[in-house]
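Residue numbers (this note's numbering): 429 to 827.
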């Protein structure tokens with residue numbers, strides 16, 4: 429008789445096998461990098477708050493106290509200008525230690541003359557909010573420094589929670605007083621950026637027109653003038669050769685006219701001016717390499733500038749369909765939704781279009797953004813591709 433006996437494991441071997449199968453995570457310090465950054469911010473609050481409070485009190489007191497003299501208001505304006513620099517340093521400190529990402533306020537407006545600068549500085553809301561930030565920060569800085577220091581020594585287990593709570597209060601102050609004050613300031617910054625895009629686009633268009641005229645129609649017209657001059661010289665000596673030259677010059681004239689017509693269409697097509705978006709988009713879709721269905725549902729025509737932007741937007745998108753999409757068909761829809769003009773171009777191509785794919789979509793989105801427009805791309809791999817553009821609606825002025 430025999431029996432199978434299972435081996436008896438000792439407690440030590442069982443512990444070793446468990447530790448081998450489930451290794452313990454390595455020891456790590458309980459306080460992460462973000463917690464230490466918050467603690468550093470709280471401990472530095474006392475010194476920065478003290479400096480900001482002293483600066484705010486001295487600059488405002490001197491400026492207001494000496495306002496009855498000649499130098500009072502200029503001193504106050506200079507103090508407000510310095511407050512902007514303090515606000516910038518506080519935003520940088522909050523960005524580095526608290527991870528607060530807020531936009532910079534609009535720059536100080538430029539005014540010609542001393543009195544223009546003085547008035548703009550005295551009514552600068554960014555500087556006054558920074559001075560207020562400096563005034564109210566001293567009590568808060570004392571509280572946060574004291575609590576953080578005591579917690580660092582005595583309340584070690586709950587220090588991360590204390591630091592996070594106090595740091596959130598600092599985040600709220602920075603966002604409330606040192607960020608752009610309202611939609612107007614953010615709008616000014618956007619318009620300044622958009623103005624640069626518009627200027628660059630206009631300069632590029634002028635260079636393109638100049639290049640097309642110089643390399644195309646102008647060169648052809650010069651050759652035409654030379655050919656007609658040679659034909660004039662041979663008119664009596666060799667009439668047949670002169671007639672051939674005139675016939676060749678006639679062909680050159682046709683080509684030059686076609687180039688000028690194409691150039692004029694690139695500036696502003698006549699069909700758009702005469703008949704509107706429906707006819708103009710039907711004309712540009714006829715030049716696309718794939719069949720395009722055009723549907724325009726507009727009860728009235730928009731302003732000329734908006735109509736022109738809509739035309740060139742669809743024209744560029746259809747060029748992308750011809751060059752990159754490998755589509756068999758496409759569709760263009762134009763309609764009005766409230767105070768927006770909506771454009772949509774769809775194709776059944778390969779998809780995969782991106783703003784950074786070299787198809788000009790990024791530049792097109794910038795140009796639309798410069799006029800408060802929007803470009804949305806939906807192009808999964810394998811297709812289909814749908815590009816939707818929005819433009820602000822502005823009615824055409826009555827004739």
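Note that beta-carbon positions come from the ideal geometry of N, C-alpha and C, so glycine has one too. Quantities reported herein were computed from a predicted structural model and do not represent experimental measurements.
Open item on the list: Which of the three DSSP states is assigned to residue 779 in this structure?
Closed with: In the three-state reduction of the DSSP assignment, residue 779 falls in the strand class.
Task: alpha helix (DSSP H) segments (min. 4 residues) lying fully within the region 729-776 - done: Runs of the alpha helix (DSSP H) inside the region 729-776: 732-748.
- [ ] Spatial neighbours of residue 463 within its chain, please: CB distance less than 8 angstroms, with the 5 preceding and 5 following residues excluded, ordered by chain position.
- [x] 587, 588, 591 and 592
- [ ] Only counting runs of 4 or more residues, tell me where the alpha helix (DSSP H) segments fall wholly within the region 656-716, in order along the chain.
- [x] Restricting attention to alpha helix (DSSP H) runs no shorter than 4 residues, the region 656-716 encloses them at 667-695, 698-703 and 705-714, ordered along the chain.
Task: Rounded straight-line distance, which links the Cα of residue 718 to that of residue 750 - done: Inter-residue distance for residue 750 and residue 718 is about 7 angstroms (C-alpha atoms, whole angstroms).
Task: Straight-line gap, residue 517 to residue 467 (C-alpha atoms, nearest Å) - done: 18 angstroms
Task: Helix, strand or coil at residue 462 according to DSSP, with G and I counted as helix - done: helix
TODO: Within its chain, find whatever has a CB closer than 6 angstroms to the CB of residue 569; leave out the 5 residues flanking it on each side and keep chain order.
DONE: 473, 474 and 477
Task: Inter-stretch contact (C-beta, 8 angstroms, three-pair minimum) for the region 565-582 and the region 541-550 - done: Touching, no, given that fewer than three Cβ pairs across the two stretches are closer than 8 angstroms.
Open item on the list: Is it buried or exposed, residue 544, if we count other Cβ atoms within 10 angstroms and call 16 or more buried?
Closed with: Residue 544 is exposed by the Cβ-count criterion.
- [ ] Measure from the alpha carbon of residue 499 to the alpha carbon of each residue in 542, 725, 735 and 721, then state which is nearest.
- [x] Sorting 542, 725, 735 and 721 by C-alpha distance to the C-alpha of residue 499 places 542 at the top.
Open item on the list: Tell me the rounded alpha-carbon separation between residue 708 and residue 735.
Closed with: Rounded to whole angstroms, residue 708 to residue 735 spans 10 angstroms at the Cα level.
Task: Spatial distance of residue 721 from residue 674 (CA atoms) - done: The straight-line gap separating the alpha-carbon atoms of residue 721 and residue 674 is approximately 43 angstroms.
Task: Residue closest to residue 484, alpha-carbon to alpha-carbon, out of 495, 460, 502 and 512 - done: 512
TODO: Could you tell me how far apart the beta carbons of residue 757 and residue 776 are, in whole angstroms, since I believe they sit closer than 8 angstroms?
DONE: 6 angstroms
- [ ] Could you spell out the range, first to last residue, of the alpha helix (DSSP H) harbouring residue 567?
- [x] 553-581
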